[in-house]
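Visitor:
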Amino acid sequence: MASSEAAMAEDSNIEDDQLASMSTDDILKASRLLDNEIRVLKDELQRNTLELESFKEKIKENQEKIKLNKQLPYLVGNIVEILEMNPEDEAEEDGANVDLDSQRKGKCVVLKTSTCQ
């Protein structure tokens with residue numbers, strides 16, 4: 001820390017010596033240059049601030065979109081046809097692959113589904 005403070009004090013002394021050796025016109029020119037640099041830096045800061053705000057707004061919008069897209073849609077079903085199933089009516093199938101659903105008795109339905117947001 002002491003070395004950085006010493007370096008800053010030395011820079012300050014050098015700047016004081018430079019100002020003492022400059023004419024009034026040179027000091028005014030240096031002042032205008034510093035004012036211009038300050039104005040440019042302020043403009044850049046304002047532009048970066050606006051850009052940061054727009055990025056924050058985009059992030060917020062994208063998070064809302066993600067939240068909406070994570071919700072599951074409603075599943076709506078309509079009964080198209082009701083069937084009466086009797087396994088005795090159908091012919092007996094031979095083979096190693098047996099369909100257990102065809103062995104069931106009772107009513108069955110054909111259901112058409114669609115999603116609704």
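Residues in the sequence shown are numbered consecutively from 1, following full-length UniProt numbering. Each residue gets a CB set at the ideal place from its N, CA and C atoms; glycine is no exception.
Could you spell out the range, first to last residue, of the alpha helix (DSSP H) harbouring Leu-33?
Guide: Here the alpha helix (DSSP H) through Leu-33 covers 24-70.
Visitor: Indicate the three-state DSSP secondary structure (helix, strand or coil) for Asn-78 in the structure shown.
Guide: Strand at Asn-78.
Visitor: Could you please give me the residues that DSSP links to Lys-105 through a beta bridge?
Guide: Lys-105 is not bridged to any residue.
Visitor: What's the gap between the Cα of Tyr-74 and the Cα of Asp-43?
Guide: In a straight line, the C-alpha of Tyr-74 is about 51 Å away from that of Asp-43.
Visitor: Does the stretch 69-86 come close enough to the stretch 107-114 that 3 or more CB-CB pairs lie under 8 Å?
Guide: Yes: the two stretches touch, three or more of their Cβ pairs being nearer than 8 Å.
Visitor: What do you reckon, are the CB atoms on Ser-114 and Asn-78 nearer than 9 Å?
Guide: Going by C-beta atoms, Ser-114 is nearer than 9 Å to Asn-78.
Visitor: Got a sec: is the Cβ-Cβ distance from Lys-60 to anything in chain D below 9 Å?
Guide: Looking for chain D here will not work: only one protein chain is present.
Visitor: Shortest alpha-carbon distance to Val-76 belongs to which of Arg-47, Cys-116, Leu-34 and Gln-63?
Guide: Checked all of Arg-47, Cys-116, Leu-34 and Gln-63; the closest Cα to Val-76 is Cys-116.
Visitor: Name the DSSP beta bridge partners of Glu-84, please?
Guide: According to DSSP, Glu-84 bridges with Lys-107.
Visitor: If I measure Cβ to Cβ from Ile-27 and keep anything under 8 Å in the same chain, skipping five residues before and after, which residues do I get?
Guide: Cβ neighbours of Ile-27 beyond the five flanking positions: Leu-19.
Visitor: What separation, rounded to the nearest whole angstrom, lies between the Cα atoms of Met-22 and Asn-62?
Guide: Their backbone Cα atoms lie some 57 Å apart in a straight line.
Visitor: Just grab the DSSP bridge partners of Ser-114 for me.
Guide: Paired residues: Val-76.
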